[in-house]
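For reference, the structure discussed in these notes is given below.
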Amino acid sequence: MSVVPVNETELQEKLSKCIAGERVLIEHQGSRFSARIQQAGAQGVRVIPEILIKNATGKPGDIEGVTLPYQDVWELEVKGVVYSRIDEPREKSA
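The letter at position 55 of the sequence shown is residue 80 when you use my numbering, and the numbering goes up by one with no holes.
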């Protein structure tokens, strides 16, 4: 697996072209977690945290994703290539 450093704009471009199932690393409210893309839209990306997928007992499609802004995504994995944002993480809000 190769890692390609990209800036936030390049990562957002790649995210906007993604299909469901691609793996992303999210930073949201001070926590980082991996998730799978459910849908990429104009305002953000709808994801399902992998921990929810792992612990799911229902039918496929039963898990409801959460929509987050593109700025919350730090990595995107596509076909064995990890696109990793090169800028610094945001400070935690007080």
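Using N, Cα and C, we set each Cβ at its ideal position, and we do this for glycine too. None of these values were measured; they are calculated from a predicted model.
| Query | Result |
| --- | --- |
| Going by the DSSP bridge assignment, what does Y95 pair with across the sheet? | The partner list for Y95 (beta bridge, DSSP) is empty, contrary to what the question assumes. |
| Below 8 Å, can you find three or more Cβ-Cβ pairs linking the segment 60–69 to the segment 86–102? | yes |
| Looking only at its chain, what residues have a beta carbon closer than 7 Å to the beta carbon of L40, apart from the 5 residues adjacent to it on each side? | A65, V70, Y95, V98, L101 |
| Count the other CB atoms, across all protein chains shown, that sit within 10 Å of the CB of A45; report buried if there are 16 or more and exposed otherwise. | exposed |
| Kindly indicate which residue of E89, R48, S59 has the alpha-carbon position closest to the one of Q105. | For the sequence presented, residue 105 should be read as Gly rather than Gln. Nearest of E89, R48, S59 to G105, Cα basis: R48. |
| Measuring alpha carbon to alpha carbon, tell me which residue in C43, K42, I76 is nearest R57. | I76 |
| Beta strand (DSSP E) containing I76: first to last residue? | Counting along the chain, I76 falls outside any beta strand (DSSP E), though it belongs to the alpha helix (DSSP H) covering 75–79. |
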